[in-house]
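Numbering (my numbering), first residue to last: 7 to 82.
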Amino acid sequence: MTNLALAFLAAGIGAGLSIIGAALGIGKLAAAAMDATGRQPAAGGDIRTTMIIAAALIEGATLFALVVCILLAIKQ
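Written as structure tokens, this is what we have:
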């Protein structure tokens, strides 16, 4: 295998792992928010707002990881 092929392979694996991590994180976040809303329905709005902010931060970190993977793949 050439170095370029290995770079593409590593970038693909890194991108996949970052997406899986983000999906698991957002899934746990949503489950915890639903549980909290079920326990205290009056605080549903605050819980939803906090959940959306945390999900945006997780997605931002995932996007950064994907950009790093792409940059490593196209680096020659």
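Glycine included, C-beta positions come from ideal geometry on N, C-alpha and C. Please read all numbers here as calculations on a predicted model, not as lab measurements.
task: Would you decide whether A17 is buried or exposed? Buried here means 16 or more other CB atoms lie within 10 Å of its CB.
output: buried
- prompt: Would you say L23 faces chain B, with C-beta separation under 9 Å as the test?
  reply: Checking the listed chains, one finds no chain B in this structure; it contains a single protein chain.
query: Are the beta-carbon atoms belonging to A42 and I53 less than 9 Å from one another?
result: Judged by their CB atoms, A42 and I53 are nearer to each other than the 9 Å cut-off.
- request: For the alpha helix (DSSP H) containing A62, list its first residue and its last residue.
  value: In the DSSP annotation of this structure, the continuous segment of the alpha helix (DSSP H) that includes A62 starts and ends at 50-80.
- request: Tell me whether the beta-carbon of G20 lies closer than 9 Å to the beta-carbon of L78.
  value: yes
- prompt: For the alpha helix (DSSP H) that contains T8, what are its first and last residues?
  reply: T8 -> no alpha helix (DSSP H), and no H or E assigned at all.
task: Under the assumption that A1 contacts L35 (Cβ atoms under 8 Å), give the Cβ distance between them as a whole number of angstroms.
output: Residue 1 lies beyond the range of the chain shown here (7 to 82); nothing can be said about it.
task: Look at the Cβ atom of L72, then the Cβ atom of I25, and state whether they are nearer than 9 Å.
output: yes
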